[in-house]
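Some notes on the structure that comes next.
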């Protein structure tokens, strides 16, 4: 999630026992739904920046036009050539004419961008806006649009230079977009300062900046420690969003952000705010529906609120409705995958995750890769499952959960495909190693946090206990195999001994029989 856009979320998964949904010890580690995160993940989106081309200048600055004069030869009054040497200053365009020219270029922009802008189109559109600005420097919107074209065409550094130039004039859209770039670069404090300046520059119309400022304040609240929660930041964010809705009662992003703000507080501090979040979602959906619009974010939040009510079936439907509005909605796809795994619909989970794995925030999400591994394992794609778990480890080697899932994979599946006893024991020993690594890493996390894994109250206490049970089970399995192997060896030795004894007895009787024949022969002589 980023300011004024959808909530990107980081999931919370427990192993063995989920926070909200305990499962049996033979299930894969339960996967919690994607939550609105404590840390915003920046995903640039058009409605976050003021990147849309401005067709009507918000502000026409009055400026003096400089004389365009040839340096030589000098011209004295009365000379016949004076008119050719000294040019008249260009006439400033009136507001109506400026709007028409901006609209003309904008129509060209819309036509060109319908199938994506190529390099030539980027250059031509930028030149046209720049030419209009040079023709009349009071048309600041044209200069801003040059920057917007640069950003749309993948040149954010060039865009930032122009935004910085316009920021000196306290241009609200330029300040907002500079804030977005600062946010993307990880400079949260500077970004919030720029959003604040943008709001101050246009208190009524800088709605994107006000949304962004509210979400920056929301992040400060959500990321503050529970013991010293930044309630002031929450109240500031709430005030910003309520101000937007007072001016624009159908502002989709304000409804989304206010609902998310209440959801975050309800999850973290006071569950009564979940009721407020639900009310905002309902009101926002009603207003948008009346205007023929819809919000994937609000449907997604509705699903999360239903999860809080333990209504997973209706939550799944809400996430699906989010995808009806926005098929590639990142969080809705991830949430569908998590619910599908709980319902053991591994094919649906696999499909939902693979739709969004190319999105950077998902590709870097450990939870998504663990969930994909669980889905692949459920579909008996064991090699793919192992690759997914190991990708999760590459992203965060301090996370113990992939080790637990790798242990299950080796214990329950690799062992089932073992060709002989040696391969079976090797699979079990691999599982032991993975479980022990999980116990060590999870124990290290809790010890570092001052929590005794063996005691109560630890997130990892139950998973570690289950891992230890699995270790004991695997060791018993190995011991049983070795006992059977030993018993088989003893049995073979016993059979061999018995065979030898029978052979010796047989030979003995043959010898006795031979002696008896000899005695008979002597008696007959």
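Numbering (the UniProt record's numbering), first residue to last: 1 to 525.
All C-beta atoms, glycine included, are put in the ideal place defined by N, C-alpha and C.
Cβ neighbour criterion (16 or more within 10 Å) applied to residue i
i           : result
residue 291 : exposed
residue 464 : buried
residue 203 : exposed
residue 250 : exposed
residue 438 : buried
residue 303 : buried
residue 398 : exposed
residue 246 : exposed
residue 373 : buried
residue 242 : exposed
residue 323 : buried
residue 166 : buried
residue 188 : buried
residue 483 : exposed
residue 275 : exposed
residue 394 : exposed
residue 114 : exposed
Residue i to residue j span [Cα, whole Å]
i           : j           : result
residue 95  : residue 163 : 23 Å
residue 178 : residue 233 : 22 Å
residue 369 : residue 320 : 21 Å
residue 388 : residue 205 : 46 Å
residue 360 : residue 283 : 32 Å
residue 193 : residue 252 : 24 Å
residue 238 : residue 221 : 11 Å
residue 154 : residue 173 : 19 Å
residue 213 : residue 219 : 10 Å
residue 131 : residue 97  : 15 Å
residue 339 : residue 375 : 11 Å
residue 403 : residue 171 : 52 Å
residue 136 : residue 129 : 11 Å
residue 313 : residue 278 : 17 Å
residue 334 : residue 327 : 12 Å
residue 271 : residue 342 : 24 Å
residue 101 : residue 139 : 10 Å
residue 297 : residue 332 : 8 Å
residue 151 : residue 384 : 38 Å
residue 301 : residue 169 : 39 Å
residue 526 : residue 180 : The structure shown has nothing for residue 526, since the chain only spans 1 to 525.
residue 479 : residue 429 : 12 Å
residue 345 : residue 377 : 12 Å
residue 143 : residue 156 : 15 Å
residue 382 : residue 105 : 55 Å
residue 477 : residue 405 : 19 Å
residue 413 : residue 317 : 33 Å
Cβ neighbours of residue i in the same chain (closer than 7 Å, five flanking residues each side left out)
i           : result
residue 473 : none
residue 265 : 234 and 273
residue 470 : 407, 411 and 435
residue 269 : 229
residue 182 : 190, 191 and 194
residue 293 : 252
residue 315 : 303, 306, 307 and 339
Contacting residues, own chain, Cβ-Cβ under 6 Å from residue i (five flanking each side not counted)
i           : result
residue 407 : 431, 434 and 435
residue 224 : 230
residue 125 : 109 and 149
residue 400 : 438, 441 and 442
residue 261 : 218 and 237
residue 606 : No answer is possible for residue 606: it lies beyond the span of the chain, which begins at 1 and ends at 525.
residue 93  : 136
residue 244 : 207, 210, 251 and 254
residue 112 : 121
residue 127 : none
residue 391 : 369
residue 379 : 346
residue 258 : 241 and 280
Cut-off 8 Å between Cβ atoms - residues of its own chain near residue i, not counting five sequence neighbours on either side
i           : result
residue 295 : 252, 255, 256, 284, 285, 288 and 325
residue 176 : 49, 50, 194, 195, 198, 206, 208, 209 and 212
residue 363 : 357
residue 348 : 336, 337 and 340
residue 352 : 333, 334, 336, 337 and 340
residue 119 : 153
residue 396 : 366
residue 226 : 268 and 269
Uninterrupted alpha helix (DSSP H) stretches inside the region 327-356 (no shorter than 4 residues): 330-342 and 346-356
Completely contained alpha helix (DSSP H) runs for the region 84-171, where each covers 4 or more residues: 95-113, 119-135, 140-152 and 156-167
Quick one: complete beta strand (DSSP E) runs, 3+ long, within the region 175-253? none
What alpha helix (DSSP H) runs, 4 residues minimum, are completely inside the region 363-437? 366-378, 382-395 and 401-409
Can you check the UniProt repeat "TPR" (296-329) for any alpha helix (DSSP H) of at least 4 residues that lies completely inside it and give the ranges in chain order? 296-308 and 312-325
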